[in-house]
Structures are given as C-alpha cells and as structure tokens.
Amino acid sequence: MKTLPSTDAVIVGGGWTGLLMAKELGSRTALSVVVLERGGPRKTDDYGEDMDELDYAIRLRMMQDASRETVTLRHTPSQHALPLRQHGAFLPGSGIGGAGEHWNGEFPRMLPDCFELLSRSIERYGSKRLPEDHAIQDWGITYDELEPHYTRTDLLLGISGKAGNIRGKQIEGGNVFEGWRSAEYPTPPTKIPYFSALFRDAAKALGYHPYPIPAATTSQAYTNPDGVVRAACMYCGFCERFGCMIGAKAQPTNTLLPVIQKRKNVSIRTGAWVRRIVHDTSQSGGRARGVSYVDASGEEVFQPAELVFLASWTLNNTRLLLLSQVGEPYNPASGKGTLGRNLTHQVHFPAATAFFDEPLNRFMGSGASGVCIGDLDGDLFDHRRIPFLRGGILLALSLGFRPIGNFGVVPQAVKAKWGSEWKKAALHYYDRTGSIVFHGEHLAYRGNYMDLDPVYKDHFGDPLLRFTLDWRENELRMAEFATAKAVEIAREMGANEVTPFPGLRGYDATRSQSTHIQGGTIMGSSLDCSVVNPYLQHWQISNLFVLGGSAFPQNSSANPTPTILALTYRTADAIVNRYLKSPAALA
Amino acid sequence: MRRREFLTLSAASIGGVLICSLDREVFRLSAQANQSIRIPLRFFSQAEALIIAAASSRIFPSDETGPGAREAGVAVYIDRQLAGPWGRDRYRYTRVPFEENAPAEFGYQGKATPQQIYRQGLKDLKGFDRLGPREQDQKLKQIETTLFFSLLRQNTIEGMFCDPMHGGNIDMVGWQLIGFPGPRMSNYDDVDKHFGQAFRPKPTSLRDVTGHKVRPSEELE
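First to last, the sequence lines map onto chains A and B.
Heads up, the first sequence is in my numbering, so the first residue is 1 and it goes up one at a time.
Heads up, the second sequence is in my numbering, so the first residue is 588 and it goes up one at a time.
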C-alpha cells in the first residue's frame, strides 16, 4: 500500500456535507484539506445535455452503480436479507455533488419539537402512549441553537419562500406553524403552477393554511454571501434525477465548488474509493490516523490525516464505521451498542391521485415549486383520541411531469393495462392527473437498524450493508389518516375521480419514495445512546467527525438537507473556534 | 419526414408501416408487415423484431385515438436498449445467490438479464406477427403476468415517449399525442398562466435544443 504525505483534514465524500466542510475549512483556516470522492468528477456547467428522461430519470445515470455496491433488506431479524439489485425506494447519488446534484430542492426546516421528540412526547402524552418498541430520542441540541445555522444555509443556497414566523410574529401566507426564523427568505417564493394553485385554493377553503414550498430552485437571480451567482429558475421541469442545466437549482457543484476551486489548500480526488478508516484504539478512546482507499487506477493508498470526516451519506457513513470496527455495532436483542441503530426512512407516498376535466399543463414546473400545508404536521393537532403519534405535510408539487414516468395512470374504473381501451384513457388523463403527496415522520424503533450482511459482498469483497426495516402500526395509521385528508382536498379541488393511496404494507423496496434514509451514526447527549456527540464528533475518537443524515435519531416530515447543512455549519464553527485551539472532545 | 405527411401516413398505415432507423438517421420504409425488410438490428433477429413490433402494437395500438408503437418505432428502440448496457444488466447487482421466487417488494431477484428474458419470452410467441389482432390479444393475455410481458409493456411506453435519439418516438409522434413539448429551456412566461387551458408548444428534441448530437446511454460501453 502506498502511503501519501499527511494532510490536516481528509473528507470522505464530495456531496453537500463534504464540500460544505471543505469550503468552510478551506476558507476560514490554513488547513490542508483533501476530499476523496469515489464517483466521477463534475463541473458547474456539466448539465447542458442532460434533459433526457430515459437516460437520467429511468436509467438513473447520476446514481450509484448498483452493480458494484448496494444494500440488502429484510423486514425482521429472523429473515435472511436480499440485495436491492436495482435502485427503487431511494436513489443514492454518486460523483462530485452526490445526491445534492439530482435532488428536487425542497427546503423545509424541522419543527422545533422534533429535536426534543422523546421528552416532548412524554410530557404531553406520557411514556405509555409511545409505541412499545420505539427507540426515539432527543437530539442533544435544540431548534433555538440550530436556527442561526438554518439561516446561513438559506443564505448560502438563496432559498425562495415566504416566512410564516419571524421572531415569533406570525405572518399570513407563510407557514404559520413553523419554528421562529430570524429573517425572511433570501428570495421570494417560486411561481405557482395550476395544479398547485388548485390545491392552495381548496386547502384554504377547507380551513387549512397553505403556503409556498421553500425552494432551492431559486425564483430570481441570486448572489450568495460567498459571491456565487446563480440564475433564476425557468421551470423547465427537469430537476429530480437531473442536474440543473442553468444552475438555478442550488447544487454542490454550482454553490460550493466555485469557492473551493479558488482555495489552494483544498484538493479533490475523484475515483477514490475509501474502504477503511485507519485508527488506533485503546481503552481510553482512540485516534483516527487517516483512511485507506483504492484510487482510480486500482492502487491501494493510505492517506494519513490529523482530522477525518465521514461525509459519505447515511449508508456509507454507517458502513465505513462498521467495516473499520469503530464503535460497538448495535445489537437489537440486547439493546447494546449504538452503531447502526435508528434506521428510518421518511414516510412518503401519493396520498390522493386526482383526475380532472381540464388539462393541467404539468410539464411546467420545478422540483420544489408548489404549495403545501403544515396543519397536520408534528404535534400540531391533538393525538389523544387518534391511533398514532406525530404527522406530516401534504404537498401539491408541480415538479414537471415527464411522460415515461407518468404515462398510464388512469382512474380505477379502467381495468385494462394495455390495448386500445387503456391507451384511450391514458391519453385523455395524461395531463389531467395530479397527486397530493404526503411526507410524514418516521419514528425510530428498536428493530429497525443497519449492520453488515453475512452473505452479499461488494466488488471488493467487503460485506454489504444490511437493512432490517419495516413499517409499524404508527406509520400505517398515520398513512390512513393522511390519505383521508388528501382525498377530501382533492375533491374540493374539483377532481372528478380520486384514487386514494392503498395503504402501507411491508416496506417495499421497489416503490419510489424519497432518498431520505437516516440514522446509523446518530447524535445524542450521551455515549450510551448515540455514536456522535451534538457536534457530530465521534464519542470515542475525537478527531473523527460524521456528517449527514446518519446523525438523525429519527426522521422528520421535513426533507433533510436544510438540517444536514445547518448541523455541518455548526460543526465547522466548533472545529474552527474551539477544536483547532484545543483538539479534544467538544462535548 | 414532416408532421403533416406523418399524420397522413399513419391513418393509412395501421398494421402496415414499419419504421426503421439506419445508423442513427431516422427514415421510413412502407411495407406489409409480413414482408421481410432489411433493418440494421443490433440484438433481435428479423423474425424476433417482427414479433416485438406486432406485440408492442397490441400494447400501444395505432387506432382511432392516434398513432402507436408501430409509428413510433418502438421495436427499434427496444432492439437498441437490449443491445446496450441495460440489456446486459451492466448496472444491476448480479452477485450470487439469486432467489428467483422472492416477494415482489424486494424487486426482481432473478439471474436472467433483459436480453435473456426477451429471448426466452419470444419462444412463446413464435408466429405471433402472423396472427390476427384478436388472436394476438388472446396470446398476450396468456402471458400478461410474466416478467417478460411487464418488461415489454414498460419498454413500449419508453419507446413511445423517449427522446428520438434512442430510436423510438420518431418525429416525436408520442410527444405530439400527449402534448409533451420535450426538453424546453424556458417555461418562465407560461408556468403560471393558461390555467384550465391546454398549452401545447411544438415539441423539440434534445438535439434541437443543444444544436448537436448527444450520445445516448445505449451506445456507451
């Protein structure tokens, strides 16, 4: 194995968190920083030719190569797991920018009580009301502590939206249920296409409080505090699973890379597949010495470093710690160990599919343009007499309908799935169909976790990560509740036919949901119940930091990226202001 | 071929026009379905291509609601996909052990590649292209629950609505059917207008938008 000269910091993964940390350390310190990304290189202007639904949205050109590595799944610990042989339920990204390139750009904050979920739920309902096998926890931080960092992320990405609560003052037209914000959004809300406008008016008529979805597909040209300029969104409808060809959708390559490229102390290596964290461990703790990886030419390399950051998304963060034997793997039978616990996947489904008489012109839109309601979110309604805890948001997105992915949806009365009858109905309804989507909280349970699979291997022969994951009663009942509400709204919108979501059953790896998989290296206030401290610093190895959604103790209805970036900012501050002066445990 | 000519052709052509593509340049040949035609196929044999053309035309027929799989060149599209990385399972996790009878929620767990699934499925459809429409539909109903049929149905939809660079959706006939304009750089002035009214800009292909040929994934590796 070749040993390279030591670097001050090595960052595993070149997506949102890895590049944000690289930008912060590269700009605010003189540290030498190396980013190792196992996928390929990308440039800010790489997307001029990608408006092709087949290659990008269907064949998934921007995603991880599942032939080399995937995860395995089983529903309970007594089953043997099977590999997810092709992507379905979620879409891990690859290459510079990671999943932050192909995302939609919805940018909601979590509700304040999400960060204190365990204590607030017990306070209101008593511990007997929590699901028997729950594993929910407080995060070890509060919304108030995170708010300044949320605001920085809004400014970094130029988020478009309408505030509903500025320093406690409720503002009509924004999300009046949101946590307090220190400032209005940097740019005004996106335009609202027809389907979303129908939803807004219907929701209002039913007494809900609709508001425009906070969007990283910016509504007007924007210059961020780093001087990075992005263009206004043109609503072409090619966001999700694509990179933005004009750079209007904030992506790591158009928001962070331009700053990083000017920093001589930061270097990025692509095709660098990190296989292990190299570390010394002792009784009193341990120290990371660097990482070993296989480079693009196939050579094994050891990169020594003073500081090691894992920023390789939920799955690989967890897997690298397991493969490197850092920390104690979680054992669901004994409850011992913390590494791999609290696997969650945001509850995500089309609650009501509505069929209209009029055409909707649904090819126009952006990944985050639309309207949603927060009235049914979190603990905003009384759960004492309903059979589940927490809730979620209902959204009417106008993210740009493309035909291969959407053709063929017809009302339930049409039984044919091919042939003239089906074709006629599918043609008629193609542009007269829209779904109200639900994003709900997913509680953590003792039986939902990650470990290493005993059978299936990756292309290097390392064990794959194994999911043990299934829905519980709380999610099933929440889904029924949200579906009924969405159907009411769809009818109020003037739909002539509505197909309700059939309900959650066993966790389905083929149903496209969201790429919001969290947990595995969760944060918390004590090392008994978490892998990293509230600064995302490993409890046992103080020069190892684990960034990203793997730190979430449970899943919120809010999409994760704003919280992930805010936590990364907070960690960067703690490193620059405290750790570098006195390298030790920050909590 | 211009749109107007196309529409005339399709009206007269149900069951009779085969559309081919030579060396990525699209053009048409008009012929009887049972005639042999020189198509530069990449995966199918001539006999197989005629069966797939006939079967995809029953899934997405050319009828009074407009053109279908035949006019869009779906068989040519499927031929190219099968010959490319997708047909060979280049991006699927194919390590052992396979479990052929896994529950549906784990996704396809079998060993066979799309190429192998088509080859096997085609064995049950010998002579299919020479049957009448009613017999063809009966035959397809018998295999409706097979993996081969679900792939064929999905690939037919893809071939109807993909960018023309992939060999299907010739002349953007699929996009014209549903009013999809293809890649369109800006909807800024229209996205919050036309409420309740069909807004149907003339379709453009990726090549029209970029001004040059883009290499599709089936031609990589």
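We put the CB at the ideal spot given by N, CA and C, even for glycine.
Only a predicted model underlies this, so the values are computations on that prediction, with no experimental measurement involved.
Can you tell me where the alpha helix (DSSP H) holding residue i begins and where it ends?
i, result
"residue 552 of chain A", "Element bounds for residue 552 of chain A: n/a, residue is neither H nor E."
"residue 646 of chain B", "633 to 646"
"residue 595 of chain A", "This structure does not reach residue 595 of chain A, given that chain A is present from 1 up to 587, and the question cannot be answered."
Ignore the nearest five residues each way along the sequence and tell me which others in residue i's own chain have a CB closer than 6 Å to its CB.
i, result
"residue 184 of chain A", "163"
"residue 303 of chain A", "4, 10, 290 and 291"
"residue 745 of chain B", "none"
"residue 241 of chain A", "56, 57 and 102"
"residue 499 of chain A", "353 and 412"
What residues in its chain sit with their C-beta under 7 Å from that of residue i, if we drop five residues either side in the sequence?
i, result
"residue 759 of chain B", "751, 769, 790 and 792"
"residue 409 of chain A", "353, 429 and 433"
"residue 152 of chain A", "569"
"residue 803 of chain B", "752 and 753"
"residue 595 of chain B", "Note that residue 595 of chain B scores 25 on pLDDT, short of 50, meaning its location in the model is unreliable and no value can be drawn from it."
"residue 337 of chain A", "328, 329, 330 and 331"
Does DSSP put residue i in a helix, a strand or coil?
i, result
"residue 103 of chain A", "coil"
"residue 288 of chain A", "strand"
"residue 570 of chain A", "helix"
"residue 349 of chain A", "strand"
"residue 34 of chain A", "strand"
"residue 159 of chain A", "coil"
"residue 403 of chain A", "helix"
"residue 275 of chain A", "strand"
"residue 474 of chain A", "helix"
"residue 517 of chain A", "strand"
"residue 215 of chain A", "strand"
"residue 170 of chain A", "strand"
"residue 148 of chain A", "helix"
"residue 587 of chain A", "coil"
"residue 565 of chain A", "helix"
"residue 760 of chain B", "helix"
"residue 354 of chain A", "strand"
"residue 657 of chain B", "helix"
What residue does the beta strand (DSSP E) around residue i start on, and which one ends it?
i, result
"residue 450 of chain A", "449 to 457"
"residue 782 of chain B", "First-last for residue 782 of chain B: undefined, no H or E at that position."
"residue 303 of chain A", "300 to 310"
"residue 748 of chain B", "Where residue 748 of chain B is concerned, there is no enclosing beta strand (DSSP E), although the alpha helix (DSSP H) it sits in stretches over 734 to 748."
"residue 73 of chain A", "71 to 74"
"residue 497 of chain A", "497 to 500"
"residue 252 of chain A", "Where residue 252 of chain A is concerned, there is no enclosing beta strand (DSSP E), although the alpha helix (DSSP H) it sits in stretches over 252 to 255."
"residue 8 of chain A", "7 to 12"
Between which residues of its own chain and residue i is the CB-CB distance below 8 Å, once the five residues before and five after are set aside?
i, result
"residue 75 of chain A", "468, 469, 470, 506 and 507"
"residue 134 of chain A", "443, 444, 445 and 446"
"residue 503 of chain A", "476, 479, 480 and 483"
"residue 122 of chain A", "130"
"residue 171 of chain A", "162, 163, 164 and 165"
"residue 279 of chain A", "286, 287, 288, 289, 324, 326, 541 and 544"
"residue 787 of chain B", "766 and 768"
Can residue i and residue j be called in contact, C-beta distance under 8 Å?
i, j, result
"residue 551 of chain A", "residue 567 of chain A", "yes"
"residue 215 of chain A", "residue 106 of chain A", "yes"
"residue 199 of chain A", "residue 360 of chain A", "no"
"residue 376 of chain A", "residue 92 of chain A", "no"
"residue 473 of chain A", "residue 131 of chain A", "yes"
"residue 547 of chain A", "residue 539 of chain A", "no"
"residue 349 of chain A", "residue 748 of chain B", "no"
"residue 512 of chain A", "residue 680 of chain B", "no"
"residue 138 of chain A", "residue 155 of chain A", "no"
"residue 371 of chain A", "residue 210 of chain A", "yes"
"residue 245 of chain A", "residue 773 of chain B", "no"
"residue 35 of chain A", "residue 7 of chain A", "no"
"residue 441 of chain A", "residue 347 of chain A", "yes"
"residue 646 of chain B", "residue 739 of chain B", "yes"
"residue 425 of chain A", "residue 414 of chain A", "yes"
"residue 562 of chain A", "residue 108 of chain A", "yes"
"residue 42 of chain A", "residue 100 of chain A", "no"
"residue 663 of chain B", "residue 761 of chain B", "no"
"residue 656 of chain B", "residue 743 of chain B", "yes"
Would you list, in sequence order, the uninterrupted beta strand (DSSP E) runs of no fewer than 3 residues that lie entirely inside the region 96 to 142 of chain A? Here no run is fully enclosed.
4-residue-minimum alpha helix (DSSP H) runs that sit fully inside the region 664 to 723 of chain B, ordered along the chain: Contiguous alpha helix (DSSP H) elements confined to the region 664 to 723 of chain B occur at 701 to 710, taking only those with 4 or more residues.
Mind listing, in chain order, the continuous alpha helix (DSSP H) runs of no fewer than 4 residues lying wholly within the region 367 to 429 of chain A? You should have 403 to 406 and 420 to 429.
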